[in-house]
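Just so you know, the sequence shown maps onto residues 19 to 291 in my numbering.
All C-beta atoms in this analysis are idealised placements derived from N, C-alpha and C, irrespective of residue type, glycine included.
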Amino acid sequence: MTDSGKVYHRSCTGPALQTVEQHAQDQDITLFASCFCPFVQRVWTALEYLEIPYKYYEVDPYQKSQELLNVSPKGLVPALMLNTFNPPRALNESTVILDFLEDIAAKSTHRSLFPPSTDPYAKALVRLQSDHISRTLVPAFYKYLQAQDPEAQISGGKEFHAAIQSLVELFERAEREVGGTGLWVEGGGLGWADVMVAPWIFRATNALKHYRGFEMPRGTKFEAWLGRLFEHPAFKKTCSDEELYLDSYERYAFNRPNTSQVANAINSGRGLP
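#1: Could you check the C-alpha separation between Arg230 and Phe272 for me, to the nearest Å?
#2: With a threshold of 6 Å on Cβ separation, who are the neighbours of Met99 within its own chain once the five nearest residues in sequence on each side are excluded?
#3: Contact check, Glu76 vs Cys53 under 8 Å by CB: the rounded distance?
#4: Measure the C-alpha to C-alpha separation of Ser173 and Gly289 and round it to an integer number of angstroms.
#5: Going by alpha carbons, who is nearest to Leu119 out of Pro134, Ala97 and Pro138?
#6: Okay, do the region 127-146 and the region 56-73 touch, 3+ Cβ pairs below 8 Å being the bar?
#7: Under a Cβ-count criterion, where at least 16 other Cβ atoms within 10 Å of its own Cβ denotes burial, should Thr277 be classed as buried or exposed?
#8: Leaving out five residues before and five after Phe57 in sequence, what residues of the same chain have Cβ atoms less than 8 Å from its Cβ?
#9: Return the first residue and the last residue of the alpha helix (DSSP H) that Ala140 is part of.
#10: Please classify Arg269: does DSSP put it in a helix, a strand, or coil?
#11: Got a sec, what are the start and stop residues for the beta strand (DSSP E) Ala181 sits in?
#12: So Ala242 and Phe232 are in contact, right, with Cβ under 8 Å, and what is the actual spacing, rounded?
#13: Does DSSP put Tyr162 in a helix, in a strand, or in coil?
#14: Considering only the beta carbon of each residue, do Leu7 and His150 sit closer than 8 Å?
#15: Tell me the rounded alpha-carbon separation between Ala303 and Met214.
#16: I'd like to know whether the C-beta atoms of Ala283 and Pro291 end up nearer to each other than 8 Å.
#17: How about Tyr80 and His41: do their beta carbons lie closer than 8 Å?
#18: Starting from the Cα of Phe240, find the closest Cα among Asp265, Glu187 and Asn224 and give me that residue.
#19: Which same chain residues, not among the five before or five after Gln171, have their C-beta less than 8 Å away from its C-beta?
#20: Anyone know if the C-beta pair for Ala180 and Thr199 falls short of 8 Å?
#21: Please say whether Phe189 and Gln147 have beta carbons closer to each other than 8 Å?
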């Protein structure tokens, strides 16, 4: 396989495009987003699930406009513009935004991605799941996709596979100790860890499979969780057609110079920006 020079997409396709069109009107919250970005997708999915009104606003994080820099100092997405303030205020960083949206929903829609507040231990287990996703699974995804040497690709594949298995073990621990969390439970609702990891698990089934031949772990419960995750309306309506991901992630797969701040951080061994 050779680098064909494909460039990242600048607009959503498929179900995600329909969702964009439904959120074109001004709202109290404006989501600054990029169609291919997994960090955006976790926030976008949360907005849909928590039923918080928002306007979707597509920006190009590689051609950083002053408008984007005003709401996100590093020029990264996602970012929120909060239009109820005068002048408007802003938030960036996906996990910070997710916490903010949880608090907004608690006062408005009364929906939540967490277990009931009456079970703080269950919530703590969910935080352990999400900590593993942020510290281990997400960096392993990029390390694997950007690896060029065959041995590094094999090693990266094993590391990413192990990161998924460790997440499964955390889900199984929660199942034993508190009856399970999120969509790991049949009939359960979309959970915080589901939203945190879904964009990368999804990209593992298209970009990683295409460029690295990656195959998901097997297992009845894991595959059932995967099905519930990908078919959940709040996530499904933020997904574009496969071509968008294959085109947009080719630059990562061939580790083109200055692909992104995330790619540069992985290449230099730094933490994600």
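In brief:
#1: Taking the sequence shown and counting its residues from 1, one reaches residue 230 at position 212. Taking the sequence shown and counting its residues from 1, one reaches residue 272 at position 254. Roughly 11 Å between the two C-alpha positions.
#2: Position 81 of the sequence shown, counting from 1, holds the residue named residue 99. Around Met99: Thr48, Val89, Pro106 and Ala108.
#3: Taking the sequence shown and counting its residues from 1, the one referred to as residue 76 is at position 58. Taking the sequence shown and counting its residues from 1, the one referred to as residue 53 is at position 35. Confirmed, Cβ separation roughly 6 Å.
#4: The residue labelled residue 173 in the question sits at position 155 within the sequence shown. The residue labelled residue 289 in the question sits at position 271 within the sequence shown. Their Cα atoms are separated by approximately 19 Å.
#5: The residue labelled residue 119 in the question sits at position 101 within the sequence shown. The option with the nearest alpha carbon to Leu119 is Ala97.
#6: yes
#7: Numbered from 1 along the sequence shown, position 259 holds the residue referred to as residue 277. The residue in question, Thr277, is buried, as its Cβ has 16 or more Cβ neighbours within 10 Å.
#8: Here residue 57 refers to the residue found at position 39 of the sequence shown. Residues Leu94, Val95, Pro96, Ser112 and Pro217 of the same chain have their beta carbon placed closer than 8 Å to that of Phe57, with the five preceding and five following residues left out of the count.
#9: The count along the sequence shown starts at 1 and reaches residue 140 at position 122. Taken as a continuous stretch (DSSP letters only), the alpha helix (DSSP H) holding Ala140 covers Pro138 to His150.
#10: In the sequence shown, counting from the first residue as 1, residue 269 sits at position 251. For Arg269, the three-state secondary structure derived from DSSP is helix.
#11: Start at 1 with the first residue of the sequence shown, and residue 181 comes out as number 163. Segment Pro168 to Val196 is the alpha helix (DSSP H) holding Ala181; no beta strand (DSSP E) there.
#12: What you label residue 242 is simply residue 224 of the sequence shown in a count that begins at 1. What you label residue 232 is simply residue 214 of the sequence shown in a count that begins at 1. The pair is not a contact, with the Cβ atoms about 20 Å apart (cut-off 8 Å).
#13: As a working note, residue 162 is residue 144 in the sequence shown. Three-state DSSP puts Tyr162 in a helix.
#14: The displayed coordinates of the chain run from 19 to 291. Any statement about residue 7 would go beyond what the structure contains.
#15: With the chain running from 19 to 291 in the structure shown, residue 303 is simply not present.
#16: Translated into the one-based positions of the sequence shown, residue 283 becomes position 265. Translated into the one-based positions of the sequence shown, residue 291 becomes position 273. Going by C-beta atoms, Ala283 is nearer than 8 Å to Pro291.
#17: Taking the first residue of the sequence shown as position 1, residue 80 is located at position 62. Taking the first residue of the sequence shown as position 1, residue 41 is located at position 23. Not in contact: Tyr80 and His41 (Cβ atoms no closer than 8 Å).
#18: Counted from its first residue, the sequence shown places residue 240 at position 222. Closest by alpha carbon: Glu187.
#19: On the sequence shown, position 153 is the one that residue 171 refers to. Correct list, in chain order: Tyr162, Ala165 and Arg230.
#20: Taking the first residue of the sequence shown as position 1, residue 180 is located at position 162. Taking the first residue of the sequence shown as position 1, residue 199 is located at position 181. For Ala180 and Thr199, no; Cβs fall outside 8 Å.
#21: The residue given as residue 147 occupies position 129 in the sequence shown. The residue given as residue 189 occupies position 171 in the sequence shown. Note that the C-beta distance between Gln147 and Phe189 is below 8 Å.
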